[in-house]
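Colleague: As numbered in full-length UniProt numbering, residues 1 to 713 make up the sequence shown, in order.
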Amino acid sequence: MSIIQTIREKGTVIVISLIGISLVAFILMDSMSSGRGSSIFGGGNTTSVGVVNGEKIDINTFNDRVKEVQQQYPNAGSSQNNQIMESVWNQMVAEKVVDEQFQKLGITFTPDEMSSIMFSDQAPQQLKQAFTNRETGEYDIEQAKQWWAQTKKNQNAEQRNAIISQIIDPMRLNALYTKYTSLIAGSMYQPKWLVKEQSEEKNQFAKISYVAVPFTEITDSSVKVSDKDIETYLQNNKVKYNQEPGVMLSYVSFSAVANAQDSARIFNSLEELKPQFAADSNAKFFLGRNSSVIPYSDEYIPESKIQSPKKDSIIASPNGTVIGPYIDGANYVLAKKLGSKVLPDSIKCRHILLGTINPQTQQPLMDDSTAHRLADSIATAIKNGANFDSLDAKYSTDEAAKQTKGVMTFDLQTIQSDNFAKPFGDFLLNDNGETKKVVKTQFGWHYIEILEKKDFQPSYKIAFMAKEIAPSDETINNANTEAIKLSGYAKNKKSFDEYVAKHGLKEVNVPTPIKENDYQVGQLSDARSIVKWAFDAKEGQVSEPFSLKDDFVVAIVDRRLKEGIPAPDVARPLVEGIIMNDKKADIIKKKLNNPSTLDAAASAYHSQVLTTGEDSTLTFEAQIINGIGHEPKVAGAAFNKNYQAKVSPAFAGNSGVFVIKVNGVFQKQPVNEAMQKLQQNDEMNRNVQAALSESFQELKKTADIKDYRSKFF
1 MSIIQTIREK GTVIVISLIG ISLVAFILMD SMSSGRGSSI FGGGNTTSVG
51 VVNGEKIDIN TFNDRVKEVQ QQYPNAGSSQ NNQIMESVWN QMVAEKVVDE
101 QFQKLGITFT PDEMSSIMFS DQAPQQLKQA FTNRETGEYD IEQAKQWWAQ
151 TKKNQNAEQR NAIISQIIDP MRLNALYTKY TSLIAGSMYQ PKWLVKEQSE
201 EKNQFAKISY VAVPFTEITD SSVKVSDKDI ETYLQNNKVK YNQEPGVMLS
251 YVSFSAVANA QDSARIFNSL EELKPQFAAD SNAKFFLGRN SSVIPYSDEY
301 IPESKIQSPK KDSIIASPNG TVIGPYIDGA NYVLAKKLGS KVLPDSIKCR
351 HILLGTINPQ TQQPLMDDST AHRLADSIAT AIKNGANFDS LDAKYSTDEA
401 AKQTKGVMTF DLQTIQSDNF AKPFGDFLLN DNGETKKVVK TQFGWHYIEI
451 LEKKDFQPSY KIAFMAKEIA PSDETINNAN TEAIKLSGYA KNKKSFDEYV
501 AKHGLKEVNV PTPIKENDYQ VGQLSDARSI VKWAFDAKEG QVSEPFSLKD
551 DFVVAIVDRR LKEGIPAPDV ARPLVEGIIM NDKKADIIKK KLNNPSTLDA
601 AASAYHSQVL TTGEDSTLTF EAQIINGIGH EPKVAGAAFN KNYQAKVSPA
651 FAGNSGVFVI KVNGVFQKQP VNEAMQKLQQ NDEMNRNVQA ALSESFQELK
701 KTADIKDYRS KFF
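1. Is residue 288 helix, strand or coil by DSSP?
2. Do residue 583 and residue 223 count as a contact pair if the criterion is CB distance below 8 angstroms?
3. Within the same chain, show all residues whose beta-carbon is closer than 7 angstroms to that of residue 145, passing over the 5 residues directly before and after it, in chain order.
4. With DSSP run on the structure shown, which of helix, strand or coil describes residue 592?
5. Determine the burial state of residue 28: buried for a count of at least 16 other Cβ atoms within 10 Å of its Cβ, exposed for fewer.
6. If residue 278 and residue 322 are in contact, beta carbons under 8 angstroms, what's the gap, nearest whole angstrom?
7. Rounded to whole angstroms, what is the Cα-Cα separation between residue 242 and residue 301?
8. Indicate whether the contact test is met: 3 or more Cβ pairs, each with one atom in the stretch 687-697 and one in the stretch 669-678, closer than 8 angstroms.
9. Straight-line CA distance for residue 710 to residue 541?
10. Residues in its own chain within less than 7 angstroms of residue 100 by CB, not counting five upstream and five downstream?
11. Could you check if residue 258 belongs to the surroundings of the ligand GDP, using beta carbon to heavy atom distance under 7 angstroms?
12. Decide yes or no for the touch test of the stretch 552-564 against the stretch 526-537: beta carbon pairs closer than 8 angstroms, at least 3 of them.
13. Ignoring anything shorter than 4 residues, give me the alpha helix (DSSP H) runs that lie fully in the stretch 483-527, in order along the chain.
14. Counting C-beta neighbours from all protein chains within 10 Å, is the total for residue 200 16 or more, i.e. buried, or is it exposed?
15. Put residue 545 into one of helix, strand or coil per three-state DSSP.
16. Mapping DSSP to helix, strand and coil, what is residue 702?
17. How would you call residue 503, buried or exposed, if buried means at least 16 neighbouring beta carbons within 10 angstroms?
18. With a cut-off of 8 angstroms, do at least 3 Cβ pairs link the stretch 399-409 to the stretch 291-307?
19. Assuming residue 649 and residue 594 are in contact, meaning their beta carbons sit under 8 angstroms apart, how far apart are those beta carbons, in whole angstroms?
20. When you compare only the Cα positions, how much space is there between residue 351 and residue 97?
21. Compare the Cα-Cα distances from residue 548 to each of 572, 520 and 703 and report the closest residue.
22. Alpha carbon to alpha carbon, how far is residue 59 from residue 92? Give it in angstroms, no decimals.
23. Any idea if residue 598 is buried or exposed, counting beta-carbon neighbours within 10 angstroms, 16 or more meaning buried?
24. Could you name the residues of the same chain whose beta carbon sits closer than 8 angstroms to that of residue 320, not counting the 5 residues immediately before and after it, in chain order?
25. Label residue 37 either buried or exposed according to how many other C-beta atoms from any shown protein chain fall within 10 Å of its C-beta, with 16 as the threshold for buried.
26. Tell me, please, whether the stretch 237-252 touches the stretch 458-478 by the rule of three or more beta-carbon pairs shorter than 8 angstroms.
27. One question on the structure: do residue 739 and residue 386 come within less than 8 angstroms of each other, judged by their Cβ atoms?
28. Considering residue 225, what are the terminal residues of the beta strand (DSSP E) in which it resides?
29. When you compare the CB positions of residue 665 and residue 647, do they come within less than 8 angstroms of one another, or not?
30. Mind checking which residues open and close the alpha helix (DSSP H) that includes residue 129?
31. Give me, in chain order, the residues of the same chain whose beta-carbon lies closer than 6 angstroms to that of residue 588; leave out the 5 immediate sequence neighbours on both sides.
32. With a cut-off of 8 angstroms on the beta carbons, I'd call residue 304 and residue 328 a contact; round off their distance for me.
33. According to the Cβ coordinates, are residue 715 and residue 487 closer than 8 angstroms?
34. From residue 615 to residue 205, what does the alpha carbon distance come to, in whole angstroms?
35. Taking only the alpha-carbon atoms, compute the straight-line gap between residue 640 and residue 662 and give it to the nearest angstrom.
36. Along the chain, where does the beta strand (DSSP E) containing residue 550 start, and where does it finish?
Written out as structure tokens, the structure is:
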């Protein structure tokens with residue numbers, strides 16, 4: 001069962017790609033769906049984070065999926081983790097929606113298909129890595145079959161689930177989506193005449209003269225957008241602006257960041273430590289004893305890679321000198337120069353590893369004495385003229401390095417890092433001229449040759465004693481006290497506004513609705529606690545203070561929103577600019593008064609007649625037009641034959657109103673047959689991808705989706 005354990009511990013997240021055209025681009029990052037494992041091993045769910053068309057999404061499965069993705073981003077902050085949770089939810093919903101479609105269409109994945117993939121060159125990468133024959137370097141199918149036979153008998157639920165989520169489900173989904181994609185592609189037909197016409201159109205470009213009157217010609221203050229205007233616009237765009245249930249919030253924040261007194265306190269504390277730091281010969285223990293926020297490092301840093309605002313002062317000082325305190329980011333820092341050497345920042349070497357354990361399965365490969373004896377024999381053989389590459393191919397257990405004949409290049413930072421085998425690194429950095437040696441590490445015995453050292457430069461060992469410029473308890477308590485005063489006084493919107501006005505506080509009115517699963521409130525990026533409170537609060541209710549990073553926040557529910565067309569004041573931030581530009585376009589077009597020439601249009605706004613397209617980039621599908629920008633309507637009008645004989649009517653684009661005259665439509669140099677075929681395939685792929693996307697979006701719209709995430713997160 002060691003392979004099962006390896007797969008469980010690795011926790012590899014599968015990301016499936018369906019070669020260019022695939023629904024996976026819209027719905028997969030990794031692949032596991034609740035209940036799916038029961039078809040192989042049995043089992044079921046008890047708690048649901050959501051339901052899609054009657055099928056539950058298990059909370060434990062959801063959490064596992066989130067953790068798998070988070071493993072790819074170990075340094076992710078709370079904001080990115082929130083995005084990961086949202087992304088995983090969307091993926092799992094999509095899988096449920098499309099899985100039902102597969103069933104309706106009779107698209108299946110049989111055990112025979114699974115075996116044909118698992119035990120072939122198309123096997124998942126984890127299996128290939130786990131069952132690589134050490135002698136041949138090839139995927140050992142027989143060994144994989146034996147493992148699978150054992151796996152199906154395994155009663156350990158955790159191990160089974162790991163295999164399902166990381167190997168079986170991705171393989172199943174990949175096969176199903178491939179079939180679904182093929183089905184969509186097969187249903188799309190383009191007649192030859194259409195293909196020919198599209199090919200000719202793609203090979204055309206236009207040259208135009210034009211007059212552009214930007215919307216900025218009309219001041220915002222001269223255009224009024226009424227509530228009635230917004231209501232009319234919303235009625236005409238119901239689908240686009242149909243709102244989900246939500247709340248409108250306002251809040252006041254009380255800063256608890258470090259103030260001038262806090263900064264001075266930290267500075268003075270380092271000033272007091274400075275002579276002690278200079279006198280102490282053990283910098284590592286000094287930093288630990290005084291709780292430096294920058295840990296001690298025994299590394300030598302190349303001069304070009306030292307990141308410090310006092311770099312020049314540090315390297316110019318004698319060993320033992322302490323520089324500072326100075327500000328570096330959010331810290332006050334003392335820097336002590338401990339030593340200097342001239343070292344290479346790039347070392348090229350090659351090695352043959354006689355591994356004692358398999359790093360993936362942790363199974364023994366050979367005993368230590370055998371590996372040592374074999375490494376010594378290889379060193380002797382090479383000394384006597386044996387070919388390194390041949391010995392590497394035959395004996396090395398480092399499969400990755402064998403791909404480059406054992407050759408590797410490392411920079412100085414990597415060699416000195418904690419993750420690098422220290423005996424290996426010590427040999428690479430030796431200054432006694434040794435270039436060949438047998439070395440033992442935790443991986444086994446290595447025969448190593450240093451091939452090249454370069455990029456020599458002065459390198460420095462520096463200890464940084466750093467203290468964060470953090471707020472004192474007094475600063476934090478003062479901010480909290482002020483927040484409590486507002487929360488205690490304000491019982492409704494009226495008293496909230498009164499207190500804010502009386503004490504000169506800044507109230508932030510969040511312009512857009514907050515939805516039930518949101519994590520952000522206005523500029524507050526990690527405000528999930530406020531959102532959860534708001535959806536349980538009444539309209540006009542004032543919150544207790546929330547502690548969010550460097551602020552204490554008091555929020556108030558201004559309004560609760562029902563599903564449907566939003567009220568004008570709610571929608572105004574979203575649509576006011578659009579409506580205003582429409583009104584400006586009407587004003588501009590009225591003043592242009594159906595010009596018969598471009599000169600007449602230009603004179604109306606003291607503008608100029610300009611040209612574009614001379615560089616042959618103004619095609620029918622041009623996304624950006626030189627001198628104009630992203631204006632699809634201009635690109636379309638440039639190929640209207642009517643505008644070759646006369647100027648176009650004035651029409652509104654994205655940035656203003658345009659009047660154009662087509663100077664001609666021209667053919668580019670004809671493409672060869674191979675290129676034409678490639679273009680046709682690209683067009684078909686885009687069409688299939690678009691069809692897949694539209695298909696999924698429609699399926700999602702009609703699905704019965706119940707979202708219970710807010711009960712758990």
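We put the CB at the ideal spot given by N, CA and C, even for glycine.
Modeller: Result, derived from the coordinates:
1. For the purposes of this step, residue 288 is identified with residue 288 of the sequence shown, where counting begins at 1. Residue state, collapsed to three classes: helix.
2. Here residue 223 refers to the residue found at position 223 of the sequence shown. Here residue 583 refers to the residue found at position 583 of the sequence shown. Less than 8 angstroms divides the Cβ of residue 223 from the Cβ of residue 583.
3. Mapped onto the sequence shown, residue 145 falls at position 145. Correct list, in chain order: 119.
4. The residue given as residue 592 occupies position 592 in the sequence shown. If DSSP states are grouped into helix, strand and coil, residue 592 belongs with the helices.
5. Along the sequence shown, read from residue 1 onward, the residue named residue 28 stands at position 28. Because residue 28 carries a pLDDT of 38, less than 50, the predicted location of this residue cannot be relied on, and the following value inherits that uncertainty. So residue 28 counts as buried.
6. By one-based count along the sequence shown, residue 278 stands at place 278. By one-based count along the sequence shown, residue 322 stands at place 322. Under the criterion of beta carbons closer than 8 angstroms, residue 278 and residue 322 qualify as touching, at roughly 5 angstroms.
7. Against the sequence shown, residue 242 aligns to sequence position 242. Against the sequence shown, residue 301 aligns to sequence position 301. In this model, residue 242 and residue 301 are separated by some 57 angstroms (Cα to Cα).
8. Too few Cβ pairs lie closer than 8 angstroms, so no.
9. Here residue 710 corresponds to residue number 710 of the sequence shown, with the count starting at 1. Here residue 541 corresponds to residue number 541 of the sequence shown, with the count starting at 1. Approximately 20 angstroms, taken between the alpha carbons.
10. For the purposes of this step, residue 100 is identified with residue 100 of the sequence shown, where counting begins at 1. Counting only Cβ-Cβ distances below 7 angstroms, and skipping sequence neighbours, we find 53.
11. Ligands displayed in this structure: none; no statement on the ligand GDP is therefore possible.
12. In short, these stretches touch, since the Cβ pair count reaches three.
13. For the stretch 483-527, whole alpha helix (DSSP H) runs of length 4 or above, ordered along the chain, are 493-502.
14. Here the question's residue 200 lines up with position 200 in the sequence shown. Residue 200 comes out exposed.
15. Taking the sequence shown and counting its residues from 1, the one referred to as residue 545 is at position 545. Reduced to three states, the DSSP call for residue 545 is coil.
16. In the sequence shown, residue 702 corresponds to position 702, counting from 1. Note: residue 702 maps to helix in three-state DSSP.
17. Here residue 503 refers to the residue found at position 503 of the sequence shown. The residue in question, residue 503, is exposed, as its Cβ has fewer than 16 Cβ neighbours within 10 Å.
18. Short answer: they don't touch.
19. Counting from one through the sequence shown, the residue named residue 649 turns up at place 649. Counting from one through the sequence shown, the residue named residue 594 turns up at place 594. The pair is a contact, with the Cβ atoms about 7 angstroms apart (cut-off 8 angstroms).
20. The count along the sequence shown starts at 1 and reaches residue 351 at position 351. The count along the sequence shown starts at 1 and reaches residue 97 at position 97. Residue 351 and residue 97 have their C-alpha atoms roughly 51 angstroms apart.
21. Taking the sequence shown and counting its residues from 1, one reaches residue 548 at position 548. For the residues 572, 520 and 703, the minimum Cα distance to residue 548 belongs to 520.
22. The residue you call residue 92 lines up with position 92 of the sequence shown. The residue you call residue 59 lines up with position 59 of the sequence shown. So the two alpha carbons sit approximately 11 angstroms from each other.
23. Indexing the sequence shown from 1 puts residue 598 at position 598. With 16 or more Cβ atoms within 10 Å of its Cβ, residue 598 is classed as buried.
24. Locating residue 320 in the sequence shown gives position 320, where the first residue counts as 1. 278, 336, 337 and 338.
25. As a working mapping, residue 37 is identified with position 37 in the sequence shown. Caution applies to residue 37, whose pLDDT of 39 falls short of 50 and renders its modelled position unreliable; the value that the coordinates give is listed next. So residue 37 counts as buried.
26. Per the Cβ contact rule, the stretch 237-252 is not in contact with the stretch 458-478 (fewer than 3 Cβ pairs under 8 angstroms).
27. The shown model of the chain, from 1 to 713, leaves out residue 739, and the question about it has no answer.
28. Locating residue 225 in the sequence shown gives position 225, counting from the first residue. First-last for residue 225: undefined, no H or E at that position.
29. Here residue 665 refers to the residue found at position 665 of the sequence shown. Here residue 647 refers to the residue found at position 647 of the sequence shown. For residue 665 and residue 647, no; Cβs fall outside 8 angstroms.
30. As a position in the sequence shown, residue 129 is number 129, starting the count at 1. Annotation for residue 129: the continuous alpha helix (DSSP H) segment containing it runs 125-130.
31. Along the sequence shown, one-based indexing puts residue 588 at 588. Non-local beta-carbon contacts of residue 588 in its own chain, meaning distances under 6 angstroms to residues more than five positions away in sequence, involve 213 and 657 in chain order.
32. In the sequence shown, counting from the first residue as 1, residue 304 sits at position 304. In the sequence shown, counting from the first residue as 1, residue 328 sits at position 328. Not confirmed; about 18 angstroms, so no contact.
33. Because the chain in this structure spans residues 1 to 713, residue 715 falls outside the shown range and cannot be described.
34. Here residue 615 corresponds to residue number 615 of the sequence shown, with the count starting at 1. Here residue 205 corresponds to residue number 205 of the sequence shown, with the count starting at 1. Those two C-alpha atoms are separated by around 9 angstroms.
35. If you number the sequence shown from 1, residue 640 lands on position 640. If you number the sequence shown from 1, residue 662 lands on position 662. Approximately 8 angstroms, taken between the alpha carbons.
36. Numbered from its first residue, the sequence shown carries residue 550 at position 550. No beta strand (DSSP E) contains residue 550, which DSSP labels as neither H nor E.
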